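K.L.:
In the working numbering, the protein residues as written are 1 to 68.
1) Here's the rule: buried if 16 or more other CB atoms are within 10 angstroms of the residue's CB, otherwise exposed. What is residue 19?
2) Which whole-angstrom value describes the C-beta separation of residue 61 and residue 26, a residue pair presumed to lie in contact below a C-beta threshold of 8 Å?
3) So what's residue 4 in DSSP terms, helix, strand or just coil?
4) In terms of alpha-carbon separation, which member of 15, 28, 16, 14 lies closest to residue 48?
5) Is residue 26 helix, strand or coil when you go by DSSP?
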């Protein structure tokens with residue numbers, strides 16, 4: 001999914017769905033780091049991508065809270 005599409009999709013979600021997405025992304029990041037530490041991870045660029053997605057989710061959450 002492209003970045004603009006992903007952010008547009010995030011903006012349509014409510015705060016509960018964003019919180020769930022944030023939790024899922026953090027779990028995925030943990031698992032990727034664990035796989036990297038045990039040399040089982042083939043695509044190490046996925047770690048960077050997930051970190052950026054977490055930041056995007058947090059940004060949308062902050063924007064929604066400021067809009068209230």
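Glycine is no exception: its CB is placed at the ideal position from the N, C-alpha and C atoms. Fair warning: this is a prediction, and the values are worked out from it, not measured in the lab.
P.N.:
According to the structure shown:
1) Within the chain shown, residue 19 is the residue found at index 19, counting from 1. Around the C-beta of residue 19, fewer than 16 other C-beta atoms lie within 10 Å, and the residue is accordingly described as exposed.
2) Here residue 61 corresponds to residue number 61 of the chain shown, with the count starting at 1. Here residue 26 corresponds to residue number 26 of the chain shown, with the count starting at 1. Wrong, their Cβ atoms sit about 13 Å apart, outside the cutoff.
3) Walking along the chain shown from the start, residue 4 turns up at place 4. Three-state result, residue 4: helix.
4) In the chain shown, residue 48 corresponds to position 48, counting from 1. Minimum Cα distance to residue 48 is reached at 28.
5) For the purposes of this step, residue 26 is identified with residue 26 of the chain shown, where counting begins at 1. Reduced to three states, the DSSP call for residue 26 is helix.
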